[in-house]
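In mature numbering (1 follows the signal peptide of the UniProt record, and there is no 0), the protein residues as written are -29 to -1, 1 to 626. Input: a single structure, listed below in structure tokens.
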Amino acid sequence: AAAASGGAGTGLSLMLLLSVLLLFLPALAARPAGMLQPRDTPSRERKELGGLWSFRADLSPGRDAGFAQRWYRRPLRQSGPVIDMPVPASFNDITQDPSLKNYIGWVWYEKEVLLPPRWLQGEPAPRVVLRFGSAHYYSIVWVNGVQVVEHEGGHLPFEADISSVVQGSPDTLCRITVALNNTLTPHTLPPGSIQHMADKTRYPKNYFVQDIRFDFFNYAGIHRPVVLYTTPAAYIDDITVTTTSSESIATVQYQVSVVGSTDNSLALSLRDQEGRVVATGDGPVGELKVLNPNLWWPYLMHENPGYLYSLEVKMQTQVDGALLEDVYTLPVGIRTVHVTSTQFLINGKPFYFHGVNKHEDADIRGKGLDWPLIVKDFNLLRWLGANSFRTSHYPYAEEIMDLCDAYGIVVIDESPGVGIKLPESFGNKSLQHHLAVMEELIRRDKNRPSVVMWSVANEPASELPLAAHYFKTVIAHTKALDPSRPVTFVTDVNYALDHGAPYVDVICVNSYFSWYHDPGHLEVIPFQLTAQFENWYKTYQKPIIQSEYGADSVPGLHSDPPLMFSEEYQKALLREYHAVFDKKRKEYVIGELIWNFADFMTNQGTTRVLGNKKGIFTRQRQPKAAAFVLRDRYWKIANESSCLPPVITSHSLFL
């Protein structure tokens, strides 16, 4: 798909574009060892910076005026006009300016913040950290005109220790400036390319478009919360937790890293939900024994799903004669994951994924984090009887993942590896970036009980021979970083041609029979879907998830007999798939994830009427007829496989 992004006088020439893309290099600052989610504790404070920021898109022909004129050296309003821009939010749909809707290039954000004086004082003074939940896609950040961090990639957090900048200033005013570039190249995740339209008889001078090979709108902006937080000068940098369990005892293995002190004491306390201490430990590495543990169970698999303990880690040390203490509390769910040739086991019991694929997408705010929307979506998931979702096609916000942990919603955690189609996207430069992204993702989500499997990509061109080395390397790297979870990627390639499938633990396959293939012919689904499953299983002897299936439906469009795009056709297609699922889930099919939870925005195209309409809910979260089909099915499956009393129905929980 191509999104028009330039025009006369505003497009990038090839040379200027290349100069911009030179900035798409790995950040100079070393990646931090840990990426603990900021929390208020007795030793830490947070200051959220959401709200209105000053904003300007660089509309210069080369999109480089901001760097040439050093907009970061003084307040942004002094170098030209600014507008208010909400954070978190995508910038694309906020204004009435059509050029901003599809803008490609550098945009600038700025926020001025007063810091509490206590953050700037003390011997030693506290450490002050600036953290972004995510920004799309390449970010350069200055504080009071001093560059503090660069980061490549969206969907994942990055941060900078700004103590030396703000504590050396005579003023408590902190000016944060962000330059953000949403250009995609063959080596970014997701990949893309810039296409210059050279035909002067058809296009204005310097006209270009951003080509992408994924089917969702390329929203950009500061999409997740920005926070300032403090730690002591010596602090807990990272915590890694893994768990094992039996019927009567569980083990919580832990590893704690401390920065700023080599001579310190560490004390750990594990508390249950009533606040009772159930295990204690000390030192940077060890294990905690929990008698008669409350295990973390998925939603509808136990009467008390999503049980979380609290692991309090307390560090004490002497720095320059002063006693410093840092405290961090980490939610911990005790659960195990195991994959056999036919089953996916959670806590030793077979788990069947009956869930959805989603997007971070909504009217006006685009991909910006929005609490009312998040809570609404979780209420709909539980109303639906869904026990799982895949973070298609990128890591979701930490706030969403927190609720998955707490509610028992199982997650297949996917990287932004979507649209990997061109041969140049399988080269070493792309591979190294993909490995770095997996490191960031695992560092962020490694302790989450809801995350039961990593997905390294969605629908890559895995039929290319280059894909064999690429995915062998990415999957091996992911397993080395986290041996406790299975790894997959999602394929739409024929079983006999896929060069990446030999390296996954679970086969995840997308297919759209009677939609993209044999459109309108519902009668072919039983034959084609059955053959798909049997061929994959015969070849690899691995459990299979139908990771995408579905059909577009326009709300209120009806046809009997069912015709494509009607609500009846969407219902009929789902039922044809479900009949095959019911046969094969008795053998080796371990899950079904509908595409999609809700309608979402895409680039404009002749097959997209204001976006993708495969949702069972509209973009405004109203149910289509297919939602009720899926709801009846999911609650039936839950009652068949649940250890809960059979009286549990869709009307008795989470209405």
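Ideal placement from N, C-alpha and C gives every residue a C-beta, glycine not left out. Please read all numbers here as calculations on a predicted model, not as lab measurements.
Suppose you measure from the CA of residue i to the CA of residue j; what does that come to, to the nearest Å?
| i | j | result |
| --- | --- | --- |
| G5 | I210 | 8 angstroms |
| R173 | T577 | 20 angstroms |
| Y108 | P532 | 46 angstroms |
| L301 | L7 | 9 angstroms |
| A467 | A439 | 13 angstroms |
| M424 | V382 | 7 angstroms |
| residue 629 | D11 | No statement about residue 629 is possible, as the shown extent of the chain runs from -29 to 626 and does not include it. |
| R17 | T201 | 7 angstroms |
| I207 | P264 | 27 angstroms |
| E611 | I111 | 52 angstroms |
| A357 | I380 | 8 angstroms |
| S25 | V256 | 46 angstroms |
| A333 | I54 | 22 angstroms |
| D341 | N399 | 37 angstroms |
| G521 | V227 | 44 angstroms |
| G22 | T148 | 15 angstroms |
| A451 | V308 | 17 angstroms |
| Q138 | N115 | 11 angstroms |
| K417 | E218 | 24 angstroms |
| G254 | D234 | 11 angstroms |
| A(-3) | W42 | Caution applies to A(-3), whose pLDDT of 33 falls short of 50 and renders its modelled position unreliable; the model cannot decide the point. |
| N152 | E121 | 11 angstroms |
| H364 | E385 | 6 angstroms |
| W606 | Q517 | 18 angstroms |
| L(-5) | T156 | Since pLDDT at L(-5) reaches only 36, below the 50 mark, its modelled position is unreliable, and the value read off the structure follows with that caveat. Looking at the two C-alpha atoms, the distance is approximately 12 angstroms. |
Can you look up residue i in the DSSP assignment and give me helix, strand or coil?
| i | result |
| --- | --- |
| P88 | helix |
| N34 | Going by the sequence as given, residue 34 is Arg instead of Asn. Coil, per DSSP. |
| Q289 | strand |
| E16 | coil |
| R27 | strand |
| W268 | coil |
| S401 | helix |
| I496 | helix |
| M424 | strand |
| H325 | strand |
| L340 | coil |
| A169 | coil |
| S518 | strand |
| S537 | coil |
| D523 | coil |
| L107 | Note on identity: in this sequence residue 107 is His, with Leu being the wrong assignment. Correct three-state label for H107: strand. |
| H330 | coil |
| N350 | helix |
Mind checking which residues open and close the beta strand (DSSP E) that includes residue i?
| i | result |
| --- | --- |
| D209 | Y206 to S216 |
| I565 | V560 to I565 |
| Y361 | Reading the sequence as shown, one finds Arg at residue 361 and not Tyr. It spans S359 to R361 - the beta strand (DSSP E) in which R361 sits, taken as one unbroken run. |
| T154 | Careful: T154 lies outside any beta strand (DSSP E) and carries neither H nor E. |
| N481 | I478 to N481 |
Name the DSSP bridge partner or partners of residue i?
| i | result |
| --- | --- |
| S240 | T251 and E283 |
| P57 | L23 |
| P302 | S281 |
Under 8 angstroms between the Cβ atoms of residue i and residue j?
| i | j | result |
| --- | --- | --- |
| F504 | K555 | yes |
| F397 | L435 | yes |
| N328 | W268 | no |
| I608 | Y323 | yes |
| G388 | N429 | yes |
| E283 | S14 | no |
| L239 | L259 | yes |
| F179 | T573 | no |
| G33 | V408 | no |
| E563 | H325 | yes |
| D523 | K585 | yes |
| L199 | L493 | no |
| T159 | Q181 | no |
| V229 | M286 | yes |
| P420 | D376 | yes |
| T143 | L101 | no |
| F571 | R602 | no |
| F185 | I561 | no |
Going by the C-beta, is residue i closer than 7 angstroms to any heavy atom of the ligand MN?
| i | result |
| --- | --- |
| E16 | This structure simply doesn't include the ligand MN, nor any ligand for that matter. |
Start and end of the alpha helix (DSSP H) containing residue i?
| i | result |
| --- | --- |
| W606 | A596 to S612 |
| E434 | Element bounds for E434: n/a, residue is neither H nor E. |
| L71 | P69 to K72 |
| L374 | E369 to Y378 |
| V136 | S134 to V137 |
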